[in-house]
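Chains as they are written, first to last, in the working numbering: chain A, 1 to 230; chain B, 1001 to 1230; chain C, 2001 to 2230; chain D, 3001 to 3230.
Cβ atoms here follow ideal geometry from the backbone N, Cα and C, with glycine treated the same way.
Bear in mind the structure is a predicted one, so any value in this text is a computation, not a measurement.
Structure first, then comments.
Protein chains: 4
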Amino acid sequence: MKKFSVGILGATGTVGQNYIKLLQDHPWFEIVDVAASPRSAGKTYVEAVKEKWQMPIPIPNKIKDLTVRDVQDFEKIPENLNFVFSAINMPTKEQIKEVEYSYAKKGFPLISNNSAHRWTPDVPMIIGEINHEHVNVIPIQQKNKDFTKGFIVVKPNCSLQSYLTPIYALEQAGYKVEKLIITTLQAVSGAGYPGVPSLDIVDNIVPYINGEEKKTEEEPLKNLGKIGKI
Amino acid sequence: MKKFSVGILGATGTVGQNYIKLLQDHPWFEIVDVAASPRSAGKTYVEAVKEKWQMPIPIPNKIKDLTVRDVQDFEKIPENLNFVFSAINMPTKEQIKEVEYSYAKKGFPLISNNSAHRWTPDVPMIIGEINHEHVNVIPIQQKNKDFTKGFIVVKPNCSLQSYLTPIYALEQAGYKVEKLIITTLQAVSGAGYPGVPSLDIVDNIVPYINGEEKKTEEEPLKNLGKIGKI
Amino acid sequence: MKKFSVGILGATGTVGQNYIKLLQDHPWFEIVDVAASPRSAGKTYVEAVKEKWQMPIPIPNKIKDLTVRDVQDFEKIPENLNFVFSAINMPTKEQIKEVEYSYAKKGFPLISNNSAHRWTPDVPMIIGEINHEHVNVIPIQQKNKDFTKGFIVVKPNCSLQSYLTPIYALEQAGYKVEKLIITTLQAVSGAGYPGVPSLDIVDNIVPYINGEEKKTEEEPLKNLGKIGKI
Amino acid sequence: MKKFSVGILGATGTVGQNYIKLLQDHPWFEIVDVAASPRSAGKTYVEAVKEKWQMPIPIPNKIKDLTVRDVQDFEKIPENLNFVFSAINMPTKEQIKEVEYSYAKKGFPLISNNSAHRWTPDVPMIIGEINHEHVNVIPIQQKNKDFTKGFIVVKPNCSLQSYLTPIYALEQAGYKVEKLIITTLQAVSGAGYPGVPSLDIVDNIVPYINGEEKKTEEEPLKNLGKIGKI
């Protein structure tokens, strides 16, 4: 089987490193492009990431020597690239939105881990087991935005990925769910690196994540939504 | 007994907070001035420090409403100030040195927690139990630097404060110490806040502190040194 | 003011140590008796507890040299003892019940931290702010059990002590509470010493405490209950 | 290649579980026997170990249904057993020594993780990279003890396994080592399960392991020793 050639945007951050860990041996995907901020651009991946590597495996050999591309340097995108996974981190959501649009505009399907486009109306937010049919929004998105082959798809907040699937299964089995009262106990890794200071968490629990409650209330409505007539 | 009116430079950081915790009820000292970066200047202390307060006690009431002064705004130094404790943090040691000099130049004795002046030849680095007689260097410092009433005194690296005292006591008791092999197990609080990321330290030990080995080798030589003839 | 002379049953365990920490400087109480298992009996308190002392203060001097009494050696109860706090730990609840009865029978009021008597019908389970009037059950208990001066009073499970008070306040203020959904995040200290193994809890959360759910459901009913006509 | 059929003595404890984790997929070894205390005997492995399983992998399927044998029930030793790994834990070292002798006496080579036989003169204590030639003591041991095919071999204390190899390499390379000053920072897993209470170690370091210093001083002498003429 021929593998898909994929790129990782934001490849040096914690989420980007996780993409590398998960995809490095994957039967379907071959990582051919690692992009990050101008600060890392031009360095080999191993140079760019070195002391920040957080994964429980060594940096894969085939990734080490890839040259990191500036995520906004579209000239250097490898010709054979099939699509990209986005884990870019920028000061504002607007900047992230714009970079992600640029990739779609240039013909690349983009699957994003970011929250920036979760509420863009024609961007589907998908949990495979629940609303995979939302991919049917893609042609509408392409028409709206004047994309040819490219498009944007996102995933929801991490904690609801865990509990929304069984909720959906209950609904499917005929048990109507009227109300959810949700308490999440989340690992510090969710905050990325450097993330939570040890002085805040050793022997303690941090009871609040900024923005989490709003996402918890709102995002399931999109995941569980139906596509109407157009 | 009349208390000394003291100021804390760098009062919003972790070391500054510790000064406040330690001095707030002290029989000798009254905190009358809290100074920090321009970002905090003009705010009340409680506003400036709020979510960063790390001490195991609430912010003392008499400190809460003090207006934070810009550490480089010498116009606003209270008239009755007797001396200052310095815990300022600036991008370079040269900047710290200069600010600390300015206070001494303006007539204020300054006791610093910083490492910036530890190797300034005429600045004594004192552990009270060991080399308090190094205060005799102060008149020479004042003459060299053209200070009138002001001067600078520093303390050594924190870990050697703990083990150098018994070493000195052994020496005094006639047990000549020829070599020290030192392993320190240091709390994360030593790195300040935010300091050590939890992802680095939970279930782990960080085996290296940048600069610590050099300080450990060199600073005891100054503490244990004798003042020569001049 | 003359202090009450009190005894602590189970004085060497973690709860007993907490009683000592809390009462050692108390304006109303004087600890005159420390009782524990036969293994500790006859030793001084400091000998009996030494490496097991978990409190953040040193063992108080006036407690150190008290001779530990076997909790079932009623001959050696000090004559001036006014009442006892019970933190005894025994293999079965029946054994605890019996020892606690014995003290009441011998004329001592006993306030117990144990769960053994929480559901004994005529033993009041009190949260001072909520149902202090349940002390009116004591004369009935004394009559039922043929106690003269002695009696037994207990407190509920620790976690509900924290949240039941505001619930009660809401009720008192006219906000009827129909349902509680409770998630507690409890410190490892709740399990006593040695308690929770570090291999189970470092970098982890233990999601279940045996018996806690049942206590959470049932005990508030007794605390919030009214004494009927008899 | 035909695999060796091996047994694990003390198979339900933390060290025994590690043996299972390490050997379950091993190209040379097939676990055919799991032995433990009478309390576990007769149960399937999964029943015997269930809530105590500490490994980061599930209990291997081929181990789950093995019936746990009483480690002192020699009748039930599988006929095809080639040799045993010992991780037995008993109240005294003398008891461990005796059980381990019994296996050797009955014809089984026994490789032990226990410290019980480390100082038995004719039992070699081997670090493969350093003193593998100490296996030449085995025939002498067999003659002394009247063993036919069986024998006992042990390994040293875990911490010295880590640092003695480079020390030996330095010696081999001509750098004579005159003195070692050793500070070990050991994980809580070294104490087994339940092992170190969380109240002792969270936010803390336990500075002392009973017996460790003596082992550290003495065991390297045996590992680094040479077999003399006999």
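By the criterion of Cβ-Cβ separation under 9 Å, what are the contact partners of Leu2160 (chain C) in chain A?
The count along the third sequence starts at 1 and reaches residue 2160 (chain C) at position 160. Result: empty, since nearest Cβ-Cβ is about 17 Å, beyond 9 Å.
By the 10 Å Cβ neighbour count, where 16 or more other Cβ atoms means buried, how is His3132 (chain D) classified, buried or exposed?
Here residue 3132 (chain D) refers to the residue found at position 132 of the fourth sequence. His3132 (chain D) should be labelled exposed.
Over the uninterrupted beta strand (DSSP E) stretch that includes Pro3194 (chain D), give me the two end residues.
Reading the fourth sequence from its first residue, position 194 is the one you call residue 3194 (chain D). Per DSSP, Pro3194 (chain D) belongs to no beta strand (DSSP E) and is neither H nor E.
Report all residues from its chain with a CB closer than 6 Å to the CB of Glu1094 (chain B); omit the five preceding and five following residues, and keep chain order.
Within the second sequence, numbered from 1, the residue matching residue 1094 (chain B) stands at position 94. Here the set comprises nothing.
Counting only C-beta atoms, is Ile181 (chain A) closer than 7 Å to chain C at any point?
By 1-based counting over the first sequence, the position of residue 181 (chain A) is 181. Output row for Ile181 (chain A): interface = yes.
Can you tell which of B:Gln1024, B:Asn1136, B:Ala1041 and B:Lys1214 has the C-alpha that lies nearest to the C-alpha of Thr1003 (chain B)?
Within the second sequence, residue 1003 (chain B) is the residue found at index 3, counting from 1. Sequence inspection shows Lys at residue 1003 (chain B); the Thr mentioned does not correspond to that position. Cα-wise, what sits closest to Lys1003 (chain B) is B:Gln1024.
Determine the contact status of Gly3107 (chain D) and Gly3150 (chain D), defining contact as a CB-CB distance below 7 Å.
For the purposes of this step, residue 3107 (chain D) is taken as residue 107 along the fourth sequence, with counting starting at 1. For the purposes of this step, residue 3150 (chain D) is taken as residue 150 along the fourth sequence, with counting starting at 1. Closer than 7 Å, so yes.
Name the chain A residues that come within less than 7 Å of Gln1054 (chain B), Cβ to Cβ?
Taking the first residue of the second sequence as 1, we reach residue 1054 (chain B) at position 54. Under the 7 Å cutoff, chain A gives Leu199.
Report the rounded CA-to-CA distance for Tyr3208 (chain D) versus Lys3043 (chain D), giving the unit in angstroms.
Indexing the fourth sequence from 1 puts residue 3208 (chain D) at position 208. Indexing the fourth sequence from 1 puts residue 3043 (chain D) at position 43. Whole-angstrom Cα-Cα distance: 37 Å.
Helix, strand or coil: how does DSSP classify Thr1216 (chain B) here?
Your numbering for residue 1216 (chain B) matches position 216 in the second sequence. Looking at Thr1216 (chain B) - three-state DSSP - the assignment turns out to be helix.
Does the Cβ of Asp3033 (chain D) have 16 or more other Cβ atoms within 10 Å, making it buried, or fewer, making it exposed?
As a working mapping, residue 3033 (chain D) is identified with position 33 in the fourth sequence. When all chains shown are included, Asp3033 (chain D) counts as buried.
Would the beta-carbon of Asn2082 (chain C) fall within 7 Å of that of Ser2005 (chain C)?
For the purposes of this step, residue 2082 (chain C) is identified with residue 82 of the third sequence, where counting begins at 1. For the purposes of this step, residue 2005 (chain C) is identified with residue 5 of the third sequence, where counting begins at 1. The answer is yes: Cβ separation under 7 Å.
Report buried or exposed for Ile63 (chain A), applying the criterion of at least 16 other Cβ atoms within 10 angstroms of its Cβ.
Indexing the first sequence from 1 puts residue 63 (chain A) at position 63. Its Cβ being crowded by 16 or more others within 10 Å, Ile63 (chain A) is buried.
Measuring only between beta-carbons, confirm whether Pro139 (chain A) sits less than 7 Å from chain B.
Position 139 of the first sequence, counting from 1, holds the residue named residue 139 (chain A). Pro139 (chain A) does not count as touching chain B.
Rounded to the nearest angstrom, how far is the Cβ of Ala2036 (chain C) from that of Val2015 (chain C), given a contact under 8 Å?
Translated into positions along the third sequence, residue 2036 (chain C) becomes position 36. Translated into positions along the third sequence, residue 2015 (chain C) becomes position 15. With 8 Å as the limit, Ala2036 (chain C) and Val2015 (chain C) do not qualify as a contact, their Cβ atoms being about 12 Å apart.
Mapping DSSP to helix, strand and coil, what is Gly7 (chain A)?
Numbered from 1 along the first sequence, position 7 holds the residue referred to as residue 7 (chain A). Strand at Gly7 (chain A).
Tell me, to the nearest whole angstrom, how far the beta carbon of Val2071 (chain C) is from that of Val2099 (chain C); I am working on the premise that it is less than 8 Å.
Taking the third sequence and counting its residues from 1, the one referred to as residue 2071 (chain C) is at position 71. Taking the third sequence and counting its residues from 1, the one referred to as residue 2099 (chain C) is at position 99. Between Val2099 (chain C) and Val2071 (chain C) the Cβ distance is about 6 Å, and since that is below 8 Å, they are a contact.
With a 10 Å radius around its C-beta and 16 neighbouring C-beta atoms as the bar for buried, classify Met125 (chain A) as buried or exposed.
The count along the first sequence starts at 1 and reaches residue 125 (chain A) at position 125. The residue in question, Met125 (chain A), is buried, as its Cβ has 16 or more Cβ neighbours within 10 Å.
Please check the pair Ala2104 (chain C) and Phe2147 (chain C), which I expect to be a contact at CB under 8 Å, by giving their CB distance rounded to whole angstroms.
As a first step, residue 2104 (chain C) must be located in the third sequence, where it is residue number 104. As a first step, residue 2147 (chain C) must be located in the third sequence, where it is residue number 147. Ala2104 (chain C) to Phe2147 (chain C), Cβ: 5 Å. Contact.
Could you round the C-beta distance between Val3049 (chain D) and Thr3012 (chain D) to whole angstroms and report it? I think they count as a contact, below 8 Å.
To locate residue 3049 (chain D), count along the fourth sequence from 1; it is residue 49. To locate residue 3012 (chain D), count along the fourth sequence from 1; it is residue 12. Between Thr3012 (chain D) and Val3049 (chain D) the Cβ distance is about 5 Å, and since that is below 8 Å, they are a contact.
Can you find a heavy atom of the ligand FMN that lies under 6 Å from the Cβ of Pro3197 (chain D)?
In the structure shown, the ligand FMN is absent, as is every other ligand, since no ligand is present at all.
Less than 7 Å between the beta carbons of Ser3112 (chain D) and Val3154 (chain D), yes or no?
Counted from its first residue, the fourth sequence places residue 3112 (chain D) at position 112. Counted from its first residue, the fourth sequence places residue 3154 (chain D) at position 154. Yes; because the gap between Cβ atoms is below 7 Å, this pair is in contact.
List the residues of chain C whose Cβ lies closer than 8 Å to the Cβ of Leu23 (chain A), in chain order.
As a working mapping, residue 23 (chain A) is identified with position 23 in the first sequence. Within 8 Å Cβ-Cβ: nothing; Leu23 (chain A) doesn't reach chain C, min ~26 Å.
Of all the alpha helix (DSSP H) runs that stay within the bounds of the segment 1072–1149 of chain B, which reach a length of 4 or more residues?
Whole alpha helix (DSSP H) segments, 4+ residues: 1093–1105, 1128–1131 and 1138–1145.
Is there a C-beta anywhere in chain D that falls below 7 Å from the one on Tyr2019 (chain C)?
To locate residue 2019 (chain C), count along the third sequence from 1; it is residue 19. Chain D, which has no Cβ nearer than 7 Å to the Cβ of Tyr2019 (chain C), makes this no.
Would Glu3075 (chain D) be called buried (16 or more neighbouring beta carbons within 10 Å of its own) or exposed?
Start at 1 with the first residue of the fourth sequence, and residue 3075 (chain D) comes out as number 75. Exposed, by the Cβ-count rule.
Out of curiosity, what's the CA-to-CA distance linking Leu160 (chain A) and Asn2204 (chain C)?
Mapped onto the first sequence, residue 160 (chain A) falls at position 160. Mapped onto the third sequence, residue 2204 (chain C) falls at position 204. So the alpha carbons of these two residues sit roughly 20 Å apart.
Could you please give me the residues that DSSP links to Glu3030 (chain D) through a beta bridge?
Along the fourth sequence, read from residue 1 onward, the residue named residue 3030 (chain D) stands at position 30. DSSP lists D:Ser3005 as partners of Glu3030 (chain D).
So, Leu1110 (chain B) versus Ile1152 (chain B), is the Cβ gap smaller than 7 Å?
Here residue 1110 (chain B) refers to the residue found at position 110 of the second sequence. Here residue 1152 (chain B) refers to the residue found at position 152 of the second sequence. Against a cut-off of 7 Å, the Cβ pair of Ile1152 (chain B) and Leu1110 (chain B) comes out as a contact.
Let me know if Glu1051 (chain B) comes out buried or exposed under the rule of 16 or more other beta-carbons within 10 Å of its beta-carbon.
For this step, residue 1051 (chain B) is matched to residue 51 along the second sequence. Exposed, because fewer than 16 other Cβ atoms sit within 10 Å of the Cβ of Glu1051 (chain B).
Starting from Arg39 (chain A), follow its DSSP beta bridges and name the residues at the other end.
By 1-based counting over the first sequence, the position of residue 39 (chain A) is 39. DSSP, once it has assigned bridges, lists no residue as partnering Arg39 (chain A).
Hey, out of A:Gly211, A:Asn114 and A:Asn80, whose CA is closest to Met90 (chain A)'s CA?
Residue numbering aside, residue 90 (chain A) sits at position 90 when the first sequence is read from its first letter. Here the closest residue by C-alpha is A:Asn114.
Determine the burial state of Ala2087 (chain C): buried for a count of at least 16 other Cβ atoms within 10 Å of its Cβ, exposed for fewer.
As a working note, residue 2087 (chain C) is residue 87 in the third sequence. It counts as buried.
Would you report the Cα separation of Asp2073 (chain C) and Ala2041 (chain C), rounded to the nearest angstrom?
Mapped onto the third sequence, residue 2073 (chain C) falls at position 73. Mapped onto the third sequence, residue 2041 (chain C) falls at position 41. In a straight line, the C-alpha of Asp2073 (chain C) is about 9 Å away from that of Ala2041 (chain C).
Counting only C-beta atoms, is Leu3185 (chain D) closer than 7 Å to chain B at any point?
Within the fourth sequence, residue 3185 (chain D) is the residue found at index 185, counting from 1. Yes, its Cβ sits closer than 7 Å to a Cβ of chain B.
In angstroms with no decimal places, state the Cα-to-Cα distance between Pro1197 (chain B) and Trp1053 (chain B).
As a working note, residue 1197 (chain B) is residue 197 in the second sequence. As a working note, residue 1053 (chain B) is residue 53 in the second sequence. Roughly 18 Å between the two C-alpha positions.
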